[in-house]
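Input: a single structure, listed below in structure tokens.
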Amino acid sequence: EPEVTQTPSHQVTQMGQEVILRCVPISNHLYFYWYRQILGQKVEFLVSFYNNEISEKSEIFDDQFSVERPDGSNFTLKIRSTKLEDSAMYFCASSSKRGLYNEQFFGPGTRLTVL
Amino acid sequence: AQSVTQLGSHVSVSEGALVLLRCNYSSSVPPYLFWYVQYPNQGLQLLLKYTTGATLVKGINGFEAEFKKSETSFHLTKPSAHMSDAAEYFCAVAGNQFYFGTGTSLTVIP
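Protein chains in written order, with my numbering: chain A, 955 to 1069; chain B, 7 to 116.
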């Protein structure tokens, strides 16, 4: 069964460093998303991406964040200069259809720890 | 604006007992509502969703949820809990974004 994969499963970095979180969406999906979950808090929407551009982004997704689909399979989230408060679980998701009422398929997440 | 409140961050039930996980939503537009489950070290998996039509929706693994507009609720139920149901459950509402609740951790006691 097709699934969304994410690497690494756990990333530890120093404050101020750049990190890139990688996701491989399901192969025929066209819509891609990033979410994050700070420990003990809600899963929060970060950004949606379609046709090589951002469709929607939340207020969390500031200039420190960027997303890219560098090739036909990967979808990446970059944090330019990490802060302590960026420590969270980051989930990638993809869907085959437009519209938030359609199912999004989630990856297992990358746990980012900023020291 | 949309938001979701899940009452009870931890719920424990005995195996074979009724499972009831509560979700209330706030939405300025007709809501699309979802329940996702997360097993340890796995991603979020869709259990069921309500978009339009029948207000009682059935999902995978014997779960169902009823959309009650008057109560702004979308509670998740299962008549008989199984050990394999132990997981984290998230309610979500979709407006222009997906808004998740804080999650409810379900423990099933043998």
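Glycine included, every Cβ here is placed at the ideal spot set by N, Cα and C.
Treat the numbers as computed from the prediction; the structure is a model and nothing was measured.
{"Asked": "Inter-residue Cα distance where the pair is B:Y31 and B:P37", "Found": "8 Å"}
{"Asked": "Where the beta strand (DSSP E) containing B:N30 begins and where it ends", "Found": "N30 to S32"}
{"Asked": "For B:A98 and B:Y42, believed in contact at Cβ under 8 Å, the rounded distance", "Found": "6 Å"}
{"Asked": "Bridge-paired residues (DSSP) for B:K55", "Found": "B:F40"}
{"Asked": "Contact with chain B by A:G1026, beta-carbon distance below 7 Å", "Found": "no"}
{"Asked": "Contacts that B:N67 makes with chain A (C-beta to C-beta distance below 7 Å)", "Found": "In chain order: nothing, as chain A lies at least about 16 Å away."}
{"Asked": "The beta strand (DSSP E) enclosing A:Q1058, as first and last residue numbers", "Found": "Run containing A:Q1058: none; DSSP gives neither H nor E here."}
{"Asked": "Bridge-paired residues (DSSP) for B:Y105", "Found": "B:V99"}
{"Asked": "Check whether A:S1035 and A:I980 have beta carbons under 7 Å apart", "Found": "no"}
{"Asked": "Same chain only: Cβ atoms within 6 Å of B:G109, ignoring 5 sequence neighbours per side", "Found": "E94 and F96"}
{"Asked": "B:E21 (DSSP reduced to helix, strand or coil)", "Found": "coil"}
{"Asked": "Short Cβ contact (7 Å threshold) for B:F69 with B:L53", "Found": "yes"}
{"Asked": "Proximity winner among B:K64, B:A7 and B:L24, relative to B:V3 (alpha-carbon distances)", "Found": "Given that chain B is displayed from residue 7 to residue 116, the structure contains no residue 3 of chain B and the question cannot be resolved."}
{"Asked": "Environment of A:Q1062 [buried if 16+ CB atoms lie within 10 Å]", "Found": "The amino acid occupying residue 1062 of chain A in the given sequence is Pro; Gln does not appear at that position. So A:P1062 ends up on the buried side."}
{"Asked": "Through-space distance from B:T83 to A:Q965, alpha-carbon basis", "Found": "36 Å"}
{"Asked": "Sub-7 Å separation of A:L1031 and A:W988 beta-carbons", "Found": "yes"}
{"Asked": "Nearest candidate by alpha-carbon position, reference B:H81, set B:D91, B:N47, B:A87 and B:L62", "Found": "B:L62"}
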